[in-house]
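In mature numbering (1 follows the signal peptide of the UniProt record, and there is no 0), the protein residues as written are -20 to -1, 1 to 462.
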């Protein structure tokens, strides 16, 4: 009897699993979802037209509205809508299946690409096998996947990754971190992958490699954890040079006290008469708005503006409200929004809108800021202010956030009625108190662009930091020579 019950449940699970995989969305269902989708973006997104004009979006939405002629799987529907989200060019906007907020892996989690790869702007290299048995040497170049040139694969995926403006550095970091997920979500899956490699002697070879499961990737990641580091740290590299590393702009660990850290650190810089400060903000994806302004207040002896304005869309009731979760206390908050006669709705209750004052122990020596594509949100805001005031030498890769601002703050969470896809819409458009930057669709582009090579990655060489230390040595030699 127990065996029969067990068999029944196993059979039911298999049937339900098969059913779940073959569920289709009808054209009517997709049209209704799309109607909510575009109304939510048009009515609520404060930066919908920050980088893309209304004509482009009108054409895109019109084209999409005529594309639902047949039944689609939810994955096909996801692939159809993703380019519209990508076209907003906002790294804070979210779009994913329900329940997938914290993962990139949405589909085909039992047939994922089996290797961890490293992407540069020219080539793609293999680093590891998620299955543990890498049949080629680490650092081998990949030139094709399932018969398609890898350059075409990369080009296809890059346009569908959600980033601020026309930034490219973030896109490559996203592929480094989650290529298997992006490939499965946006291109497809297979039980095995035909991978073509270029050897060091320039000859090519192809091999068939079985797909891996999400469980194998998770096991691999547990076995290869990122090195633990404190949220903030101060190091003295020599008697003239210090390094401050800020991992994130929020208290990520118990006992983190940012204000105390800044106060004590900059007091030490002054006591030790430090001449060169390296500020490492790589992989710092942001956090609390105030912390960016506070950091810059320790790097100047002048008052400075930080935010120029914070814009919102209309405070009227949204037509898609029945599908949305609004922020807590939204009813009260919208009463505090200002609406000038000739201008957008403004949120004026933010300390960063005030003129900021410098700190007494501000560091005024030479400053070097390390950034990459994951220097995002609050970090990119801070970088824009420091760059605008010509305060630092920037080294690394372009920051992930836009120079003139971003769309973030609190979110409206919309659930589409049939697909149940989640659209996370930021409610505030942040505009920085900066001007004159010639690349309005980019973030801070470093004075010295340094891209780690595949050998740097394999050898765990911190090329950006090495370059910075060499730059400081040259500066010191020049100063001593004079």
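C-beta atoms are modelled at their ideal positions from N, C-alpha and C, and glycine is treated no differently. Values in this document were obtained by computation on a predicted structure and should not be read as measured data.
query                                                                                                                           : result
Inside the segment 206 to 240 only - beta strand (DSSP E) runs reaching at least 3 residues                                     : 212 to 216, 221 to 226
Entirely enclosed beta strand (DSSP E) segments - the segment 286 to 344, minimum 3 residues                                    : 287 to 292
The segment 189 to 201 / the segment 76 to 91 touching (three or more Cβ pairs under 8 Å)                                       : yes
Three-state secondary structure assigned by DSSP to residue 94                                                                  : coil
Residue 457 to residue 256 span [Cα, whole Å]                                                                                   : 13 Å
Residue 184 - containing beta strand (DSSP E), residue span                                                                     : 184 to 190
Span separating the alpha-carbon of residue 299 from that of residue 20                                                         : 8 Å
Inter-residue spacing [alpha-carbon to alpha-carbon] between residue 250 and residue 375                                        : 24 Å
Contact under 8 Å by Cβ, residue 280 with residue 350                                                                           : no
Neighbourhood of residue 170 by C-beta, 8 Å cutoff - its chain only, sequence neighbours within 5 removed                       : 91, 126, 191
Cβ-based burial, residue 335 [other Cβ within 10 Å; buried from 16]                                                             : exposed
Through-space distance from residue 387 to residue 292, alpha-carbon basis                                                      : 10 Å
Rounded C-alpha distance that separates residue 444 from residue 260                                                            : 10 Å
Residue 367: first and last residue of the uninterrupted alpha helix (DSSP H) it sits in                                        : 358 to 368
Secondary structure of residue 2, DSSP reduced to three states                                                                  : Residue confidence is low: residue 2 scores 48 on pLDDT, short of 50, so the model does not pin down where it sits. Its coordinate-derived value is still stated next. Reduced to three states, the DSSP call for residue 2 is helix.
Residue 262 (DSSP reduced to helix, strand or coil)                                                                             : coil
Segment contact flag, the segment 302 to 321 with the segment 200 to 219, C-beta cutoff 8 Å, min 3 pairs                        : no
Same chain only: Cβ atoms within 8 Å of residue 32, ignoring 5 sequence neighbours per side                                     : 67, 68, 69
Entirely enclosed beta strand (DSSP E) segments - the segment 129 to 171, minimum 3 residues                                    : none
Chain-order list of residues whose beta-carbon lies under 7 Å from that of residue 2 (same chain, five-residue window excluded) : The predicted model places residue 2 with a pLDDT of 48, which falls under 50 and marks its position as unreliable; any figure quoted below should be read in that light. Excluding residues within five positions, none has a Cβ falling inside 7 Å.
Inter-residue spacing [alpha-carbon to alpha-carbon] between residue 285 and residue 102                                        : 39 Å
Residue from 54, 64, 71 whose Cα sits closest to the Cα of residue 423                                                          : 71
Reference residue 409, options 4, 10, 30, 13, closest by Cα                                                                     : 30
Cross-strand partners of residue 386 (DSSP beta bridge)                                                                         : 410
8 Å Cβ cutoff met for residue 200 and residue 110                                                                               : yes
Which listed residue (130, 79, 269, 164) has its alpha carbon closest to that of residue 360                                    : 269
Cβ-Cβ separation, residue 140 to residue 166 (assumed contact under 8 Å), whole Å                                               : 5 Å
Counted within 10 angstroms of its Cβ, other Cβ atoms place residue 264 as buried (16 or more) or exposed                       : buried
Residue 458 - DSSP class collapsed to helix/strand/coil                                                                         : helix
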